[in-house]
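Chemist:
Protein chains: 2
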Amino acid sequence: MAKNLRLKAARAEKDMTQGDLAEAVGVSRQTIHAIEKGEYNPTIRLCRAICRVLGKTLDELFWEEEETEQ
Amino acid sequence: MAKNLRLKAARAEKDMTQGDLAEAVGVSRQTIHAIEKGEYNPTIRLCRAICRVLGKTLDELFWEEEETEQ
DNA sequence: TAAAAATGTAATATATAATTGACATTTGTG
DNA sequence: CACAAATGTCAATTATATATTACATTTTTA
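If you read the protein sequences in the order shown, they are chains D and A.
Taking the working numbering, the leading residue of the first sequence gets 80, the next gets one more, and so forth.
Taking the working numbering, the leading residue of the second sequence gets 80, the next gets one more, and so forth.
Rendered as structure tokens:
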């Protein structure tokens, strides 16, 4: 998975820390960190929760034209 | 998770069986069945793969205004 | 510039996505 | 109708998303 800079930017736009977002969507801070870093392949439910909190769509935050690795 | 009828319809539009789609995205037929039935909370990577094969966006196939259960 | 807040990282544990194999039921077609 | 293909379902297993705890590093701010 590639780094998710769009997520990082959307979070910054809302002035939320990784911890704030984690709490808002009900996961651990490390999970948000791992998603932004591209280490995790999150579930669609978590992606939707993040989108709702940040006011973005799935396509805006989680679409990728091509799958890079694995 | 709610039944994913949009996925079922998009698959029908491409005249693909559950088995065809499963093979195209590299998962088992049961996984596709479970997603359509709403039993699984698939990963974003699998959702993207399905979207690419069916020529749809994440928002078209996997967005939900509200999370129903659990 | 020191303290606090935020972020990065790692190891271990747990929940659940996904596989596999097998069979039952439904649907389409000769 | 009979056969085949597609779909539905179940149980057991494996892979991996996520949690938890803990600490190190970077960034912010008083």
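Don't be surprised by glycine CBs; every beta carbon is placed ideally from N, CA and C.
Rounded to whole angstroms, what's the CA-CA distance from Leu125/D to Val104/D? Just pull it up for me.
Modeler: In this structure, the straight-line span from the alpha carbon of Leu125/D to that of Val104/D is close to 7 Å.
Chemist: Using a Cβ-Cβ distance cut-off of 8 Å, determine whether Asn120/A contacts chain D.
Modeler: yes
Chemist: Whose Cβ in chain D lies nearer than 9 Å to the Cβ of Ala113/A?
Modeler: Within chain D, no residue comes near Ala113/A; the closest Cβ sits about 13 Å away, beyond 9 Å.
Chemist: Quick one: grab the DSSP three-state call for Thr122/A.
Modeler: strand
Chemist: Determine, using beta carbons only, whether Leu133/D comes closer than 8 Å to chain A.
Modeler: no
Chemist: Between Glu146/D and Arg90/A, is the Cβ-Cβ spacing less than 8 Å?
Modeler: no
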